[in-house]
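Trainee:
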Amino acid sequence: MEDLKPVGQSTRFVTGTWTSIKDVWASRELTSLLVRRELKARYKDSSLGIVWSLVRPLAQLLIYYFAIGEILGLARSIPSFAIFVFVGLTTWGLFVEIVQGGTTSITNNAGLIKKIYLPREIFPLASVGGALFNFGVQLIILILATIVAGQIPMDFNLLYAPLSLAVLIFFATGLGILLAGLNVYLRDVQHLVEVAIMVLFWASPIVYSFSFVHDKLQGNWLEQLYLANPITVAVLGMQRAFWVAGTTESTSQNWPDDLAIRLWIALGISIVILWIGQRIFSRIQGNFAQEL
Amino acid sequence: MSTPTIIHVEDVSKRFVMHKDKSIKERILNFTRARKHQDDFWALKDISLDIATGTTVGLVGHNGSGKSTLLKVVGGIIQPTTGHVSRRGRMAALLELGAGFHPDLTGRENVYLNSAILGLSRSETDGYFDEIVDFSGIEEFIDTQVKFYSSGMYVRLAFAVAVHVDPDLLLVDEVLAVGDEPFQRKCMAKIAQFQAEGRTIVLVSHSAEQVGALCDRVVVLEHGEMLHDGDPAQALRVLRGSFSDEQVRHEEKLEAEGRPEHHVVAVPQVSVTASEQDNAGIIAPRADIHVSVQYEVLETIDPWLIGVALETAVGNVVFRMTTRELGETLPLEPGTYALNVTFKNHNLGGGSYSVSVGMAYEAGATIQVVNPAATFEVADYGVGRGAIRLDVESSIRRIEAARAAGLS
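Quick note, the sequences are listed as chains A and B, same order.
Heads up, the first sequence is in numbering that gives the first Met the number 0, so the first residue is 0 and it goes up one at a time.
Heads up, the second sequence is in numbering that gives the first Met the number 0, so the first residue is 0 and it goes up one at a time.
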């Protein structure tokens, strides 16, 4: 006979972390089912199906390529502008999808949360899974594009990619979990997030390169502030890994010298943010069922 | 050895705070008055409860008594404000059928998803899959998206999943009355099988009949407090008592507010006597039972009738009739009257019964219902058990000699 176990989550700050991790780990099968449910349901009954997950980023790519690259003339100073923009957009898209999906994940699954006890973290985590799937598809396109363009990323710089992705995923997941919890109590959060995402898009070097920022600020405190953004360093890391022309054909400084160290620091901070986010989430999730 | 506890509830209280404003704008506007915009009430007050493995426990009470909240606290869906709940074994909560169903997925996909939500692994679901589909009886539609299902098919599939997840503890909230009659019988058979297998069931129900038939223990809640815990028949009496208390309180409140409820007929006095009774008032078999309903008509009234019903302790109606069926015409002018009904040579089995009295206009509107208006007890006698007694004769005779003997 099993022992009597307390019902619900421990709200204790440190000891509760371990039980939360165990709970989520025990539900990994369910999480993957939820991810599949989302993906399947999203593209069911549409004849193009999964292709739609590519149309949006490709349309964005075309807009930025022509509007900013050709018309505003940025493509002249940024070699292989299409690949450059696509790397940024793909990375940024992953962040947006995790945060936005996460924010509404609890409210969208209200029916389940009110009726069945599950570790609630799995809902934001399921949106992380869905976002990673879409990101994976786009990444394959990106790699194919680099092969077509003859700029295959096959050097040590490629190691920046997993590190940058780790920063991005931990940071976005932390925010997503926290915002998911807050959104239950204050529905304004999801609208606030939309606005913040619109603004933050321009705070990272996605459609312009870091060299523009560096030329203007010359490494002063504003540039340091700019680089304190984990999304910015993650985007820079991804560009370092996949945008070969930035290293070989460009003479301007497209990333800070100490990018690797900055990424490691950002990773540490992101993990702490994820941890704090989860603890706050765990503290407030006890009342979800009645607040939804 | 005593049976081990499967659920331990200790001093659980739950406070609900109702925010009347949800958006930032409203919160800022109402910042100074924030306190006023918060209402709180205690849905549960100091509930302590131990449930032993293998028992079926019913939670009853009227709307807002906290019974569903208690079930959710046990299920871990709501965290109590104070107190602890602990539990062991696998639990399945049937708080709403098909809570995890996604309309765009097929029945098959939803079976897997819903079993995972209820705690089965993929390989376990594979093992149960055919049984689940068989139980639901919708084989042909299993690969159709569930949004195309009829509501009956939907709940049948959901119920089939829920009862096949092999729980040690099943929490049920008002979901047993689903599907058509054959399916309902199947559900009840499944519940009976669960009980026979020694699983624990905690169910919330409004149906006194269901609770009486299924549970070995009933907890009555009112305003978040436990009024009664134990014997089902007793519990249903307590529950009825609390219903009429509620009515009395309601009337007193109206009276206090200076607008007493308008009565055309005063609350009747009902008494039960019999031609043969022992000192404790227990009615002998085959006696004549006299039910007297004494009532006062307060003002001239439209044509109306009185109904009298006999119910068992767990609320099953044994017999009911109205004055119209008796061919009696009730006087319409103010005055005090007595309606006397005699059940001659009664056929009731041993046990306790209640008498309920209802008054209604012939046009249909209810004037008042008093349930229970009186109770009485009938002595146990003869062979067999049940709400009615039948005279039994029996015999055994041989139809054919054993075949083996004939062959040799």
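In this text, a Cβ means the ideal position worked out from N, Cα and C, and glycines have one as well.
1) DSSP on Met90(B), reduced to helix/strand/coil?
2) Restricting to Cα atoms, I'd like to know which of Thr68(B), His7(B), Tyr294(B) is closest to Gly334(B).
3) Based on Cα-Cα distance, which residue from Thr322(B), Val203(B), Leu169(B) lies nearest to Gln192(B)?
4) Answer yes or no: does any C-beta atom of chain A fall closer than 9 Å to that of Ser407(B)?
5) For the region 128–141 of chain B, which residues have a beta carbon sitting closer than 8 Å to at least one beta carbon of chain A?
6) Provide the residue span of the alpha helix (DSSP H) that contains Thr231(A), from first to last.
7) Using the Cα positions of Leu273(A) and Ala232(B), report the straight-line distance between them to the nearest angstrom.
8) When you compare only the Cα positions, how much space is there between Asn346(B) and Asp172(B)?
9) So if I threshold CB-CB distances at 8 Å, which residues from the region 49–82 of chain A count as touching chain B?
10) Please list, in chain order, the chain B residues whose beta carbon lies closer than 8 Å to that of Gly285(A).
11) To the nearest angstrom, how far is the alpha carbon of Ser407(B) from that of Thr311(B)?
12) State the Cα-Cα distance for the pair Thr4(B) and Tyr111(B), rounded to the nearest angstrom.
13) Span of the alpha helix (DSSP H) holding Met320(B)?
14) Going by the DSSP bridge assignment, what does Val296(B) pair with across the sheet?
15) If we ignore side chains and look at the alpha-carbon of each, how far apart do Asn315(B) and Trp303(B) end up?
16) In the structure shown, what three-state DSSP assignment does Ile168(A) receive?
17) Quick one, which of Ala240(A), Thr145(A), Arg119(A) has its alpha-carbon nearest Ser163(A)'s?
18) Is Asn108(A) helix, strand or coil by DSSP?
19) In chain B, which residues lie with their C-beta within 9 Å of the C-beta of Ala40(A)?
20) Helix, strand or coil for Leu13(A), going by three-state DSSP, please let me know.
21) Between the region 57–74 of chain A and the region 178–194 of chain A, are three or more C-beta pairs nearer than 8 Å?
22) On the DSSP letters alone, give me the boundaries of the beta strand (DSSP E) that Asn370(B) sits inside.
23) How many Å lie between Val232(A) and Met153(A) at the Cα?
24) Would Gly129(A) and Glu96(A) be called neighbours here (beta carbons separated by less than 9 Å)?
25) For chain B, find out if any of its Cβ atoms is closer than 9 Å to the Cβ of Val6(A); answer yes or no.
26) Leaving out five residues on either side along the sequence, give the residues of the same chain with a beta carbon under 7 Å from the beta carbon of Met0(B).
27) Does chain B have any CB closer than 9 Å to the CB of Ala288(A)?
28) Within this structure, are the beta carbons of Thr341(B) and Val290(B) separated by less than 9 Å?
29) For Tyr111(B), which residues in chain A fall below 9 Å Cβ to Cβ?
30) What is the residue span of the alpha helix (DSSP H) that Ile200(B) lies within?
31) For a cutoff of 9 Å on Cβ pairs, would you count Gly15(A) as touching chain B?
32) Contact criterion: CB-CB distance below 9 Å. Does Ser149(B) meet it with respect to chain A?
33) So, is the C-beta of Lys113(A) closer than 9 Å to a C-beta in chain B?
34) For Leu117(B), decide whether its Cβ has a neighbour in chain A, counting only Cβ atoms nearer than 9 Å.
35) For the region 32–117 of chain A, which segments carrying the beta strand (DSSP E) assignment without a break, of at least 3 residues, lie completely within its bounds, in sequence order?
Mentor: Quick answer:
1) strand
2) Tyr294(B)
3) Leu169(B)
4) Any reading at Ser407(B) must be qualified, since the residue scores a pLDDT of 47, below 50, and its modelled position is unreliable; the value itself is stated next. Answer no: the Cβ-Cβ gap between Ser407(B) and chain A never drops below 9 Å.
5) none
6) 229–241
7) 54 Å
8) 37 Å
9) none
10) Ile77, Gln78
11) Annotation note: pLDDT 47 at Ser407(B) (below 50); position unreliable, coordinate value reported separately. Those two C-alpha atoms are separated by around 55 Å.
12) 31 Å
13) Careful: Met320(B) lies outside any alpha helix (DSSP H), inside the beta strand (DSSP E) at 316–321.
14) Val264(B), Gly334(B)
15) 25 Å
16) helix
17) Ala240(A)
18) coil
19) His101, Pro102, Asp103, Leu104
20) It is worth fixing the name first, because residue 13(A) is Val in this sequence and not Leu. Coil at Val13(A), not helix or strand.
21) no
22) 365–377
23) 21 Å
24) yes
25) yes
26) Model confidence at Met0(B) stands at a pLDDT of 45, short of 50, so the residue's coordinates are unreliable; what they give is reported in the following sentence. Same-chain partners within the cutoff: there are none.
27) yes
28) yes
29) Leu32
30) Per DSSP, Ile200(B) belongs to no alpha helix (DSSP H); it is in the beta strand (DSSP E), 199–203.
31) no
32) no
33) yes
34) yes
35) none
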